[in-house]
Amino acid sequence: MCGRSYGACILFMADQLAILQPNKFASRVFTPLVSSLLGGSVECMKLLIEGGANVHAGGFSGATPLLLACSRRGNIGFVKCLLKAGADPNIPDELGRLPIEIAAVQGGKKLVQLLFPVTRCPPNMSGWSVAGIMSYVNSAAYKERVRKDSCKRKAELKLEGNKAYEIKDYDTAILMYNMALKFDDPNDIDASIYANKSLCWLRLGVGDEALSDAQACIRLWPDWGKGYYRQGEAFRFLQDYASAYAAFVKASELDPQNPKIANALRDLLERTKGASVSRRLEEGVQGRSQVLSGPCDQTVRGQGSFVQALGRGQPLSSGQ
1 MCGRSYGACI LFMADQLAIL QPNKFASRVF TPLVSSLLGG SVECMKLLIE
51 GGANVHAGGF SGATPLLLAC SRRGNIGFVK CLLKAGADPN IPDELGRLPI
101 EIAAVQGGKK LVQLLFPVTR CPPNMSGWSV AGIMSYVNSA AYKERVRKDS
151 CKRKAELKLE GNKAYEIKDY DTAILMYNMA LKFDDPNDID ASIYANKSLC
201 WLRLGVGDEA LSDAQACIRL WPDWGKGYYR QGEAFRFLQD YASAYAAFVK
251 ASELDPQNPK IANALRDLLE RTKGASVSRR LEEGVQGRSQ VLSGPCDQTV
301 RGQGSFVQAL GRGQPLSSGQ
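Below you can see the structure in the form of structure tokens.
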């Protein structure tokens with residue numbers, strides 16, 4: 001709603017004055033106040049505050065606008081605006097970190113100096129000073145604590161996503177998985193979250209997103225069969241049956257004892273009988289078929305001319 005265009009924001013607010021809802025969430029994640037921050041418009045933020053925006057209202061994760069402002073460099077104008085409007089600098093984030101800590105982690109010494117007089121010293125911090133805070137957040141002990149807390153929070157959010165999936169609340173599941181990914185450790189990436197998201201998108205009938213997340217999973221864990229299985233499901237939904245077949249074959253190579261992959265291949269071949277493909281594709285798929293093993297082997301080799309089953313036939317149902 002509020003981006004970089006100050007004039008557009010004013011016109012919008014003038015036109016919508018009677019019905020403006022400055023605290024309404026967008027997709028349960030952002031309020032208009034947070035949107036003004038992400039859009040880089042201090043002027044828009046001021047107008048929203050004047051219009052009754054709650055300076056403490058965070059997104060679904062509970063992160064306040066002040067916490068978000070401190071997480072990005074160059075936001076001193078937003079921080080001043082929020083503090084002037086009464087934003088509480090002592091409300092922590094999901095990991096228990098105060099805005100001043102977030103600012104220090106980002107190397108924002110000026111922000112730390114601005115927040116220091118209005119922030120209470122947390123009980124687990126010694127050497128309460130601007131220099132002490134900067135040193136504290138760069139210590140090995142602090143970084144290890146944040147890493148452990150992040151892993152714990154990621155696991156909690158992933159579990160919430162799984163629970164939402166079980167009750168077929170796929171939108172919430174995707175939201176939970178996206179939030180979990182915020183806490184992914186570069187040295188301990190959980191690509192299964194992308195695989196889970198891919199399945200949720202498939203259940204919602206959004207094939208492009210399902211494919212995108214499956215491919216993200218494969219990039220991170222190229223030796224995990226389930227990633228290719230999810231990719232195959234997405235291609236099948238998009239009716240790109242040749243690519244779906246290739247993905248299922250790769251999945252079977254990596255996980256030859258998985259019955260779901262065998263069933264996916266069998267279903268694909270059965271439902272696309274009579275379709276035609278190019279000789280180039282035929283040669284490519286035949287080359288892949290030579291390395292098959294496990295329960296998928298007989299399925300493929302049992303087709304006298306299995307390549308004829310590829311192409312663009314009738315729409316297929318998604319896998320499990």
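Quick note: the sequence shown, position 99, residue 99 per UniProt numbering, numbers continuous.
Using N, Cα and C, we set each Cβ at its ideal position, and we do this for glycine too.
Here the structure is a predicted model, which means the values were calculated and not measured.
Beta-carbon proximity check, residue i vs residue j, cutoff 9 angstroms
i	j	result
Tyr194	Leu175	no
Leu95	Ser150	yes
Leu38	Leu48	no
Ser192	Lys152	no
Ala246	Ile261	no
Leu204	Tyr177	no
Ala65	Phe78	Contrary to the premise, residue 65 reads as Pro rather than Ala in this sequence. Their beta carbons are under 9 angstroms apart, which means Pro65 touches Phe78 by this criterion.
Supposed contact pair residue j and residue i - C-beta distance, whole angstroms, cut 8 angstroms
i	j	result
Leu202	Tyr228	Not confirmed; about 15 angstroms, so no contact.
Cys81	Lys109	No, Cys81 and Lys109 are not in contact; Cβ-Cβ is about 20 angstroms, not under 8 angstroms.
Of the listed residues the options, nearest to residue i (C-alpha basis)
i	options	result
Asn75	Pro256, Ala57, Ile102	Ile102
Arg72	Gly40, Pro92, Asn54, His56	Gly40
Arg219	Ile189, Lys273, Glu209	Ile189
Ala63	Ile91, Val42, Gly51, Ala53	Ile91
Ala244	Gly205, Ala214, Val42, Val55	Ala214
Phe237	Trp224, Val249, Val206, Asn263	Val206
Pro256	Thr272, Tyr142, Asp240, Asp223	Asp223
Gly107	Lys273, Pro123, Thr119, Cys70	Cys70
Alpha-carbon spacing of residue i relative to residue j, whole angstroms
i	j	result
Phe116	Gly86	15 angstroms
Ser126	Lys168	47 angstroms
Trp221	Ser139	31 angstroms
Val146	Ala242	45 angstroms
Pro186	Ala104	21 angstroms
Ser212	Thr31	27 angstroms
Gln290	Ile100	With a pLDDT of 38 at Gln290, under the threshold of 50, the modelled position of this residue cannot be trusted; read the value that follows with caution. Spanning the two alpha carbons is a distance of roughly 60 angstroms.
residue 322	Lys84	This structure gives no information on residue 322, because the portion of the chain shown stretches from 1 to 320.
Ala141	Gly132	14 angstroms
Thr172	Ala155	16 angstroms
Leu98	Asn263	51 angstroms
Glu50	Met134	34 angstroms
Asn258	Glu144	38 angstroms
Ala57	Ser36	14 angstroms
Is it a yes or a no for the region 257-268 touching the region 221-239, going by three-plus beta-carbon pairs under 8 angstroms? yes
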